[in-house]
Amino acid sequence: MENGDASEEDDDRSPFAIGYAWAARIMAIGFEAALPILLGVWIDYLLGTVVLFLFLGLLLGGFIGYMQLLKIVKETR
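Quick note on numbering: our numbering labels position 36 of the sequence shown as 221, and the sequence is numbered without any gaps.
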């Protein structure tokens with residue numbers, strides 16, 4: 186154990202439960218990245234702009250997804 190974190194040997198969950206937890210994390214990252222993009226498309230539709238808010242949503246969604254991936258990497262070390 187390092188820094189008080191439980192190692193994989195100490196994890197008493199089944200392999201199915203561990204895989205399910207990882208799948209839920211990855212799906213959450215996908216939703217967090219996709220939501221700003223979809224909101225950008227919707228705002229563009231409402232305001233009649235072409236791709237302004239879509240582009241901003243793409244940048245924001247990419248940034249949020251990247252930050253969440255970094256968080257997971259730091260947690261698993």
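Built from N, CA and C at the ideal position, the CB exists for glycine as well.
For clarity, every value in this text was computed on a predicted model and none was experimentally measured.
Neighbourhood of residue i by C-beta, 6 Å cutoff - its chain only, sequence neighbours within 5 removed
i: residue 224; result: 242
i: residue 238; result: 225, 228 and 229
i: residue 198; result: none
i: residue 202; result: none
Bounding residues of the alpha helix (DSSP H) (the contiguous stretch that carries residue i)
i: residue 258; result: 237-261
i: residue 215; result: 200-232
Neighbourhood of residue i by C-beta, 8 Å cutoff - its chain only, sequence neighbours within 5 removed
i: residue 249; result: 217, 218 and 221
C-beta contact flag for residue i and residue j at 8 Å
i: residue 254; j: residue 214; result: yes
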